[in-house]
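Single-structure report; data block below.
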Amino acid sequence: MDYKERGKKRKIQNILIKTINTLKFKSLYLSFSGKISLFGSGVLLISLFQPWLINTDNDKFWTSFSPLAGNIGFILILLLLLILFFTLSTSNKEKIKLHSNISFKNYYIIIISGIFIILSGLISLSFINGLQFFFQNIIYGQGVILTISSGIVILFGGLGSMKEQKEYKIETFINEYGETETKTIAKNNMKLPF
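Throughout the sequence shown, residue numbering follows our numbering, covering 3 to 196 in sequence.
Structure, rendered in structure tokens:
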């Protein structure tokens, strides 16, 4: 019995170590804007489990998954997974693009997710202010502020990714245009004078 439990633990440890090494390898070769988006995703993950509402009378707090905070944590987890998928995945997202008729850029999804995270944090702030109207002893915690700041960081990461993609396209166009010009010059030099 003890041997089987240790085998299961070893198997889980091996799977965790393998996924951590894969994530470490993929995050090592990300661009700067991808690392910014990844950092914002980490801050968002931390903010989900921080207190969003705090009752000052009995020091009770509620996270983003509580009904008092609007259950916004579940939506934010979906956005977090979407951001991580489009930031870290290289082959799977291309398969999705091939099999769907929707054409989209990765940075558009990251930018829209960042905007939605900011808006959901602001909506939660307004909801908490409404609760403060009825209950004077409820204040908002650092989870809401961390969510809004992580949305801003993710938004800047998406904008940086968009800028990098545009610069890459311009550089590629200039290189291809230069190659065609040198080919035409070389072709013109090959002509015989008669």
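Glycine included, each C-beta is placed from N, C-alpha and C at the ideal position.
Pairwise C-alpha distance: residue j and residue i
i: LEU86; j: LYS165; result: 19 Å
i: GLU7; j: ILE19; result: 18 Å
i: ILE125; j: GLY75; result: 13 Å
i: GLY153; j: ILE114; result: 10 Å
i: THR21; j: SER151; result: 28 Å
i: LEU148; j: LEU25; result: 24 Å
i: VAL45; j: TYR179; result: 43 Å
i: ARG12; j: LEU127; result: 44 Å
i: LEU133; j: PHE175; result: 55 Å
i: TYR110; j: TYR170; result: 16 Å
i: PHE27; j: LYS10; result: 26 Å
i: TRP64; j: SER49; result: 12 Å
i: ASP4; j: LEU30; result: 38 Å
i: PHE34; j: LEU70; result: 37 Å
i: ASN198; j: ILE17; result: The first residue shown for the chain is 3 and the last is 196, placing residue 198 beyond what the model contains.
i: LYS168; j: LYS37; result: 18 Å
i: GLU173; j: SER66; result: 44 Å
i: LYS62; j: ASN103; result: 49 Å
Start-to-end residues for the alpha helix (DSSP H) that takes in residue i
i: TYR110; result: 108-136
i: LEU80; result: 74-90
i: LEU50; result: 34-50
Pick from the options that is closest to residue i, judged by C-alpha positions
i: ILE80; options: SER35, GLN134, ILE147 and ILE112; result: Going by the sequence as given, residue 80 is Leu instead of Ile. Of the candidates SER35, GLN134, ILE147 and ILE112, the one whose C-alpha sits nearest the C-alpha of LEU80 is ILE112.
i: SER39; options: ASN108, PHE63 and PHE67; result: ASN108
i: SER106; options: LYS26, ILE156, LEU50 and PHE88; result: In the sequence as presented, Ser is not what sits at residue 106; that position holds Phe. Minimum Cα distance to PHE106 is reached at PHE88.
i: ASN218; options: ILE117, ASN103, GLY9 and ASN139; result: An answer regarding residue 218 cannot be provided, because it is not within the stretch 3 to 196 covered by the chain.
i: PHE136; options: ASN57, PHE41, VAL155 and LYS168; result: ASN57
i: PHE118; options: LEU157, ILE147 and SER128; result: LEU157
i: GLY72; options: GLU173, TYR170 and GLY123; result: GLY123
Within 9 Å, strictly: CB atoms of residue i and residue j
i: TRP54; j: SER43; result: no
i: ILE141; j: ILE130; result: yes
i: LEU84; j: LEU47; result: no
i: LEU78; j: LEU32; result: no
i: GLN144; j: GLN15; result: no
i: GLY162; j: GLY116; result: no
i: PHE41; j: VAL146; result: no
N- and C-terminal bounds of the beta strand (DSSP E) containing residue i
i: PHE63; result: 62-64
i: TYR31; result: Note, TYR31: premise wrong, no beta strand (DSSP E); not H, not E.
i: ASN57; result: 55-57
heavy atom of the ligand SAM below 8 Å from residue i C-beta
i: PHE135; result: The ligand SAM is absent from the structure shown, which contains no ligands of any kind.
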